[in-house]
Amino acid sequence: SSGRTSFYEQYGVIRDVLQNHLTEALMFLIMELPANVSRAEEVLQHKLQSFQSLWGLEKKSAVLGQYQAYASQVREELQEAQGYVSTTPTFAGVLIRSDSLRWEGVPFLLTSGKALDERVGYARVLFKNRAYCTQSETLRDAGHSQCKAKQIIFYFGHGALDTPAVLVSRNLFRPVMPKDSWKEAVAHSDVHIFGQPLSDYYVYSPVKERDAYSVLISNIYHARKDFFITTENLLASWSFWTPLLDSISHQPLRLYPGGVENQHLLDFEMVSGGLAFTLAEPAELLDPSRQMPSDYKAIQSKFRQSPLVSAWSEDLISQLASDMEETASRSVARSGQFHLALSSGSSPVILFQRLARHHYAFPWKHTHIWLVDERCVPLTDTESNFFSLHSHLLQSVRVPYFNIHPMPVHLNQRLCVEEDRGTELYAKDIVALVANASFDLVLLGVGPDGHTASLFPRSENGLEGAPTVVLTESPVKPHQRMSLSLPLINKARQVFVLVLGKGKHDITTLLSRVGHEPRKWPISGVSPSSGQLVWYVDYEALLG
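Okay, so the sequence shown: first residue is 97 according to the working numbering, each after it adds one.
Right under this line is the structure:
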């Protein structure tokens, strides 16, 4: 709308509608019912718990568009130069998932846009239909046909009904509504909602329809805090949406003409755990200035005499996850099992999420998970590498319980005390279960100081000597660590090193020039004796 352009150009559709209004509707829909729905504190607490169950969003979680007239509107109203290109989305569809047991496997789609074919707001719950009807639908009574869509629609207003309403499919159940506030409405057969006549639904409308702001003001007077959000809920919402907003800041937008001319242009579908537009981009709507760096695929070459895979971070993670799955499948075909040693930190979190959400063929049933290193904190501590691994990967995949091997840093109610022999216990487990103590794959990262695993420059333990497990000291808190030694890492069949971000550019440049000097840069000592080393370095780390 005219006059809002300055605001809209700064914020876009996700901040304007999805992060607040639609997220609030989603929370009310998916939260567990409090014991006392009249207690504002309970309602707010349950909404907060629902936030904590949501999967993190990634670039592929969203499809974005911009109506064609928007750019000229911006130039005109904000007096921008003729060549000004707006990257503000006016349409967004976002796929959200929850890991709560109730909603496991259920997709939630949040959609909003300007210049669509109608103004309408709703929350629609579409149930899976297990029935299959052999005979023609025309022979069936609509109220009893098990093959028609079964849905509950919370209609916020505008659109065909032009009033708030609750609609429930007649083939689902007859709802019981509070008589003092909701009345059954007369169904008009000429009105259709989601392709079905209104007569297919039980329809309820408010006894007394009130303006939204009068409801809001009334709730303020009656101190009904559950209809508002707390600072805690607001921060939870922004921490959920911000990673997506950051990742799509340069994503190409689909241009659409607006109104009925949009046809099927904005239809989208769920593909490989994300969203994609159903129709290919029409040639006449493509804008050559919108080419983005992510259009270029992974580059393969050499780094420190070993294979190098490089790409923008998201494409790189995708390639690494695929290579890990291929390595796992080959290992299982060869020996019946796959021994994987994982590092933690911020970079692998994105990888863990990718593996959990997109790699359904990964042979988790035959995979043993080991830790490359661990901080000397309880495993339930958020600083723990195992805690991060569990949160972002293990609880989402089916690895047999007996195949998960956390490092024993917490023995006899104390942490990493030498006489508790945690390092010996872990080394014995590796020798007992891993053939020749050679992991099939070790995943490593690199610190800005050149450390890898918990092997730091000038470490007293682990840089040479026996292939074993050692206690080390980190220059940053928590100082005490447990780690696989360099000789043990070098026994692996394959080692993948993941390096992401501009913050790693200096160490990447340095490593490209230095030789084998593990006392100064422990990562330079990674050189599998009879295995293969592969570097996965994103463009930001490689090129700055």
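Yeah, the Cβ is synthetic: ideal placement off N, Cα and C, and Gly gets one too.
Since we're looking at a predicted model, the values are computed, not measured.
Item: From I192, L594, W631, residue whose alpha carbon lies closest to that of L340; Value: I192
Item: Contacts around A211, its chain only, beta-carbon distance under 6 Å, and the 5 residues preceding and following it disregarded; Value: Y163, G354
Item: Beta bridge counterpart(s) of K279 as assigned by DSSP; Value: S301
Item: F204 and L312 closer than 8 Å at C-beta; Value: no
Item: R270, DSSP secondary structure in three states; Value: coil
Item: Contact under 8 Å by Cβ, D536 with H435; Value: yes
Item: Beta-carbon proximity of L206 to L144, cut-off 8 Å; Value: no
Item: Closest by C-alpha distance to A256, when choosing among Q242, A227, V287; Value: V287
Item: Beta carbon of L438 nearer than 8 Å to that of L485; Value: yes
Item: Residue range of the unbroken alpha helix (DSSP H) whose run includes G558; Value: Segment: none, G558 is in no alpha helix (DSSP H) and carries neither H nor E.
Item: Range covered by the alpha helix (DSSP H) that runs through E56; Value: Nothing in the structure corresponds to residue 56, since the chain is present only between 97 and 640.
Item: Extent of the continuous beta strand (DSSP E) run through V633; Value: 628 to 634
Item: Residue interval of the beta strand (DSSP E) (run including T513); Value: According to the sequence displayed, residue 513 carries Val and not Thr. No beta strand (DSSP E) contains V513, which DSSP labels as neither H nor E.
Item: F204 in three-state terms, based on DSSP; Value: strand
Item: W199 (DSSP reduced to helix, strand or coil); Value: coil
Item: Local Cβ density within 10 Å of Y166, reported as buried at 16 or more and exposed below that; Value: buried
Item: Cα-Cα separation, L222 to S608; Value: 55 Å
Item: Local Cβ density within 10 Å of S442, reported as buried at 16 or more and exposed below that; Value: exposed
Item: Nearest neighbour of F290, chosen from S314, R589, A219 [CA to CA]; Value: A219
Item: One or two residues paired with E365 in a DSSP bridge; Value: A372
Item: Close Cβ partners of V566 (< 7 Å) along its chain, the five nearest in sequence each way excluded; Value: T519, N557, G558, S579, S581
Item: Start and end residues, beta strand (DSSP E) containing G161; Value: 158 to 163
Item: P614 burial status per 10 Å Cβ neighbour count (16 or more: buried); Value: buried
Item: Pick from P459, S480, W460, Y456 that is closest to L467, judged by C-alpha positions; Value: S480
Item: For I316 and S134, the rounded distance between their alpha carbons; Value: 15 Å
Item: Cross-strand partners of Q576 (DSSP beta bridge); Value: E569
Item: Length-filtered (3 minimum) beta strand (DSSP E) runs lying within the segment 455 to 485; Value: 463 to 467, 469 to 471
Item: Neighbour-count burial assignment, G369, 16 or more Cβ in a 10 Å radius; Value: buried
Item: Span separating the alpha-carbon of G108 from that of A452; Value: 30 Å
Item: Sequence-distant residues of its chain with Cβ nearer than 8 Å to G152 (five each side left out); Value: F336, P339, Q449
Item: Helix, strand or coil at L382 [DSSP, three-state]; Value: Residue confidence for L382 is low, a pLDDT of 41 falling below 50, so the modelled location carries little weight; the figure read from the coordinates is stated next. Correct three-state label for L382: coil.
Item: Those residues which DSSP pairs with H506 across a bridge; Value: L511
Item: Three-state secondary structure assigned by DSSP to S345; Value: coil
Item: Outcome for F498 when other beta-carbon atoms lying within 10 angstroms are tallied against a minimum of 16; Value: exposed
Item: Y107 (DSSP reduced to helix, strand or coil); Value: helix
Item: Host alpha helix (DSSP H) of Y166 (start-end); Value: 166 to 173
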